[in-house]
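Participant: So for the sequence shown, our numbering puts the first residue at 3; every next one is plus one. Yeah, the Cβ is synthetic: ideal placement off N, Cα and C, and Gly gets one too. Here it is, the structure in full.
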Amino acid sequence: MVAIANVMDFREAARRKLPRLLFDYIDGGSYDEVTLRRNVADMSAIGLRQRVMRDVSSLSLETELFGQKMSMPVGLGPVGFSGMYAHRGEVQAARAAHAAGIPYCLSTLSICDVEEVSRKSGQPIWFQFYMIKDRGFMRALLEKVQACGTPVLVFTVDLPVTGSRYRDMRGGISAPPTLPVLLSRYWQGITHPSWLWNVQFTGGPHIFGNVAPAVKSRTIGAFAAWVAANFDASLTWKHIGWIRENWKGPIVLKGVLDPDDAKQAVAAGVDGIVVSNHGGRQLDGARSSISALPGIVDAVQGDLPILFDGGVRSGLDVLRALATGAQACLLGRAWAYSLAANGQAGVAQMLSIIRAELQVAMALTGCTDVRKAGRDLLG
Ligand code: FNR
3 MVAIANVMDF REAARRKLPR LLFDYIDGGS YDEVTLRRNV ADMSAIGLRQ
53 RVMRDVSSLS LETELFGQKM SMPVGLGPVG FSGMYAHRGE VQAARAAHAA
103 GIPYCLSTLS ICDVEEVSRK SGQPIWFQFY MIKDRGFMRA LLEKVQACGT
153 PVLVFTVDLP VTGSRYRDMR GGISAPPTLP VLLSRYWQGI THPSWLWNVQ
203 FTGGPHIFGN VAPAVKSRTI GAFAAWVAAN FDASLTWKHI GWIRENWKGP
253 IVLKGVLDPD DAKQAVAAGV DGIVVSNHGG RQLDGARSSI SALPGIVDAV
303 QGDLPILFDG GVRSGLDVLR ALATGAQACL LGRAWAYSLA ANGQAGVAQM
353 LSIIRAELQV AMALTGCTDV RKAGRDLLG
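Structure representation (structure tokens):
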């Protein structure tokens, strides 16, 4: 490939740059990946109305969420393990997001911890939170996150248990460390020398920074076992109260896919939701995020901001989601691919592509202000 034109070109560049087990970890979904495919297919099936003669010489992409100004209605959503895709990957991605004037949300399961990313990226980041059974540990983590000036807590609720991901099991990241698996991993490392040098040799320490004090072992298998044993599957709506007691700022619930759950979220008093099926990595067979969005918008009736993720691969997709009723989109794989392909510069380039695509889509639908994008753009 001579030049990168869009997000899928970054995907191809990431495929070449990364050991296969890491590319598969990013690219894959659960079971037969039906929901993963639906997210993308249903998104591209959303039609937009072509409009003409509407003076689109000046377009406003700016918006605001939870008191924070954003240069466009896009953020980098939580993607775990990113420090394995590029050298201190979370720091590089956060720097690119901040330079572009949009928020970066750090996953609980990141390599670089919240202090490192906040400090090195020069401004506070959003933090994504998984509830771990040990509440003392969670309280201490939330205190640390709050001390970093974190403005928004994203509480992911669609992972009480981890969805099975066949790609990761077939010799991939979650395969048991048998001799053939280990030999394959070494081979994948030495055949990807730039990754080997930049990440494996010089990008350490390779621990899950935020949860390192709770996880004793460093192997990926032991980490998966720790997640299975320590993520709290007993969560209910009443636990929002516990988070409120321990967190002062806005709480955004991520992983809402059903209108009834969206109504419960409003009743529970959260400050926003992310309509999401975890990028097709959890319940395979669940509906696509974009097909769930209209019902949720109707159920919530403007009572809280709705963020959206799943299958966003272009600025055109961003407008599709806004037209369907979201206030902003979070990117997942789009930024993971671009980070793997070319670090901070890759994420920055991907974001300018998304911005340009959004501008063109706005101009050709006659939408001059993202805050006014609505169902009248669909057709
Ligand atoms: C994720 N996602 C995710 N979500 C979350 O709340 N915490 C996490 O740690 C992760 N980790 C993670 C790793 C990888 C490799 C991927 C691809 C995704 C889900 C993510 O935030 C988002 O919901 C989806 O990625 C959105 O779908 P698309 O945009 O990737 O299609």
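Output needed for Gly103: all residues of its chain with C-beta closer than 7 Å, excluding positions within five of it in sequence on either side, in chain order.
Facilitator: Numbered from 1 along the sequence shown, position 101 holds the residue referred to as residue 103. Hits under 7 Å: Met72, Ser73.
Participant: Would you mind sorting Glu14 into buried or exposed? The rule is 16 or more other CB atoms within 10 Å of its CB.
Facilitator: Counting from one through the sequence shown, the residue named residue 14 turns up at place 12. Exposed, by the Cβ-count rule.
Participant: I'd like to check one pair, Asp305 with Val268: are the Cβ atoms closer than 7 Å?
Facilitator: Position 266 of the sequence shown holds residue 268. Position 303 of the sequence shown holds residue 305. A contact, by the Cβ cut-off of 7 Å.
Participant: Provide the residue span of the alpha helix (DSSP H) that contains Trp337, from first to last.
Facilitator: Stepping through the sequence shown from its first residue, residue 337 is reached at position 335. Residues 335 to 367.
Participant: Taking buried to mean at least 16 other C-beta atoms within 10 Å of its own C-beta, is Thr193 buried or exposed?
Facilitator: The residue labelled residue 193 in the question sits at position 191 within the sequence shown. By the neighbour-count rule (16 or more Cβ atoms within 10 Å), Thr193 is not buried but exposed.
Participant: Just how far apart, CA to CA, sit Gln206 and Arg90?
Facilitator: Start at 1 with the first residue of the sequence shown, and residue 206 comes out as number 204. Start at 1 with the first residue of the sequence shown, and residue 90 comes out as number 88. Note that residue 206 is Gly in the sequence shown here, rather than Gln. Taking the straight line joining both Cα atoms gives about 8 Å.
Participant: Could you spell out the range, first to last residue, of the beta strand (DSSP E) harbouring Ile253?
Facilitator: Here residue 253 refers to the residue found at position 251 of the sequence shown. Element bounds for Ile253: 253 to 258.
Participant: Look at the alpha carbon of Gln130 and the alpha carbon of Pro195, and state the distance between them as a whole number of angstroms.
Facilitator: Position 128 of the sequence shown holds residue 130. Position 193 of the sequence shown holds residue 195. Distance between the alpha carbons of Gln130 and Pro195: 32 Å.
Participant: Give me the residue from Asp234, Trp244, Gly274 with the minimum Cα distance to Ile253.
Facilitator: The residue labelled residue 253 in the question sits at position 251 within the sequence shown. The candidate whose alpha carbon is nearest that of Ile253 is Gly274.
Participant: Measuring from the CB of Gln190, is there a heavy atom of the ligand FNR at a distance below 6 Å?
Facilitator: As a first step, residue 190 is located in the sequence shown; it is residue number 188 there, counting from the start. Not under cutoff, so the answer is no.
Participant: Quick check on Ala338: buried or exposed, where buried means 16 or more other Cβ atoms within 10 Å of its Cβ?
Facilitator: The sequence position of residue 338 within the sequence shown is 336, counting from 1. By the neighbour-count rule (16 or more Cβ atoms within 10 Å), Ala338 is buried.
Participant: Helix, strand or coil, according to DSSP, for Tyr188 in the structure here?
Facilitator: Sequence index remark: in the sequence shown, residue 188 carries index 186 (1-based). Of the three classes helix, strand and coil, the one that applies to Tyr188 here is helix, per DSSP.
Participant: Can you tell me which of Ile292, Ile175, Leu341 puts its alpha carbon nearest to the alpha carbon of Ala330?
Facilitator: Walking along the sequence shown from the start, residue 330 turns up at place 328. Looking at the Cα atoms, Ile292 is the closest of the given residues.
Participant: Work out the CA separation of Leu341 and Tyr106 for me, nearest whole Å.
Facilitator: Position 104 of the sequence shown, counted from the start, is the residue given in the question as residue 106. Position 339 of the sequence shown, counted from the start, is the residue given in the question as residue 341. C-alpha separation (whole angstroms): 13 Å.
Participant: Does the region 360 to 378 come close enough to the region 34 to 41 to have 3 or more Cβ pairs within less than 8 Å?
Facilitator: Because the criterion of three Cβ pairs below 8 Å is not met, the region 360 to 378 and the region 34 to 41 do not touch.
Participant: Could you give the first and the last residue of the continuous alpha helix (DSSP H) run that contains Leu385?
Facilitator: Here the chain covers residues 3 to 381 and nothing more, so residue 385 does not appear.
Participant: Expressed to the nearest angstrom, what Euclidean distance is found between the alpha-carbon atoms of Gly82 and Ser59?
Facilitator: Counted from its first residue, the sequence shown places residue 82 at position 80. Counted from its first residue, the sequence shown places residue 59 at position 57. When rounded, the distance between both Cα atoms is 40 Å.
Participant: Looking at the secondary structure, which residues open and close the alpha helix (DSSP H) in which Phe25 lies?
Facilitator: Here residue 25 is taken as the residue at index 23 of the sequence shown, counted from 1. Where Phe25 is concerned, the enclosing alpha helix (DSSP H) stretches over 22 to 29.
Participant: Could you compute how far the alpha carbon of Pro153 sits from the alpha carbon of Ser109?
Facilitator: As a first step, residue 153 must be located in the sequence shown, where it is residue number 151. As a first step, residue 109 must be located in the sequence shown, where it is residue number 107. Cα to Cα, Pro153 sits roughly 15 Å from Ser109.
Participant: Apart from the five residues on each side of it in sequence, which residues of its chain come closer than 7 Å, Cβ to Cβ, to Met171?
Facilitator: The residue labelled residue 171 in the question sits at position 169 within the sequence shown. Contacts found: Ala177.
Participant: When the Cβ atoms of the region 196 to 216 are set against those of the region 134 to 152, are three or more pairs found closer than 8 Å?
Facilitator: Contact holds: three or more Cβ-Cβ distances are below 8 Å.
Participant: Please work out which residues of its chain come closer than 6 Å, Cβ to Cβ, to Ala328, disregarding the five sequence neighbours upstream and downstream, and give them in chain order.
Facilitator: Position 326 of the sequence shown, counted from the start, is the residue given in the question as residue 328. Counting only Cβ-Cβ distances below 6 Å, and skipping sequence neighbours, we find Ile308, Phe310.
Participant: Do Arg220 and Asp26 have their C-beta atoms closer together than 7 Å?
Facilitator: Taking the first residue of the sequence shown as 1, we reach residue 220 at position 218. Taking the first residue of the sequence shown as 1, we reach residue 26 at position 24. No, they are not a contact pair.
Participant: In this structure, does DSSP put Trp128 in helix, strand or coil?
Facilitator: Indexing the sequence shown from 1 puts residue 128 at position 126. Looking at Trp128 - three-state DSSP - the assignment turns out to be strand.
Participant: If I'm right that Gln284 touches Gly165 with Cβ under 8 Å, what's the distance once you round it to whole angstroms?
Facilitator: Taking the first residue of the sequence shown as position 1, residue 284 is located at position 282. Taking the first residue of the sequence shown as position 1, residue 165 is located at position 163. Yes, Gln284 and Gly165 are in contact; Cβ-Cβ is about 4 Å, under 8 Å.
Participant: For Ile308, report the span of its beta strand (DSSP E) as first-last.
Facilitator: In the sequence shown, residue 308 corresponds to position 306, counting from 1. 308 to 310 is the span of the beta strand (DSSP E), which, as asked, contains Ile308.
Participant: Let me check one thing: in DSSP terms, what residues is Lys71 bridge-paired to?
Facilitator: Here residue 71 refers to the residue found at position 69 when the sequence shown is read from its first residue. Answer is Glu66.
Participant: Can you tell me where the alpha helix (DSSP H) with Gly138 in it begins and where it stops?
Facilitator: Counted from its first residue, the sequence shown places residue 138 at position 136. Its alpha helix (DSSP H) spans residues 137 to 149.
Participant: Is Leu111 close to the ligand FNR? I mean its beta-carbon at under 6 Å from any heavy atom of the ligand.
Facilitator: Locating residue 111 in the sequence shown gives position 109, counting from the first residue. Checking every heavy atom of the ligand FNR against the Cβ of Leu111, one is found closer than 6 Å.
Participant: Whose C-beta lies closer than 6 Å to the C-beta of Gly345 among residues of the same chain, with five residues either side of it excluded?
Facilitator: Numbered from 1 along the sequence shown, position 343 holds the residue referred to as residue 345. For Gly345, where only same-chain residues beyond five positions count, the Cβ hits under 6 Å are Ala88, Gln94.
Participant: In this structure, does DSSP put Thr158 in helix, strand or coil?
Facilitator: In the sequence shown, the residue the question calls residue 158 occupies position 156. Reduced to three states, the DSSP call for Thr158 is strand.
Participant: Pick helix, strand or coil for Phe83, following the three-state DSSP scheme.
Facilitator: Translated into positions along the sequence shown, residue 83 becomes position 81. Reduced to three states, the DSSP call for Phe83 is coil.
Participant: Report the start-end ranges of each beta strand (DSSP E) in the region 258 to 286 that is 3 residues or longer and not cut off at the edges.
Facilitator: 274 to 277, all fully within the region 258 to 286.
Participant: Does the beta carbon of Gln130 fall short of 6 Å from some heavy atom of the ligand FNR?
Facilitator: Translated into the one-based positions of the sequence shown, residue 130 becomes position 128. Checking every heavy atom of the ligand FNR against the Cβ of Gln130, one is found closer than 6 Å.
Participant: Can you determine whether any heavy atom of the ligand FNR sits closer than 6 Å to the C-beta of Thr180, and answer yes or no?
Facilitator: As a working note, residue 180 is residue 178 in the sequence shown. False, no ligand heavy atom lies under 6 Å from that Cβ.
Participant: Under 6 Å: does the beta carbon of Val81 sit that close to some heavy atom of the ligand FNR?
Facilitator: Within the sequence shown, the letter at position 79 stands for residue 81. Within the cutoff, so yes.
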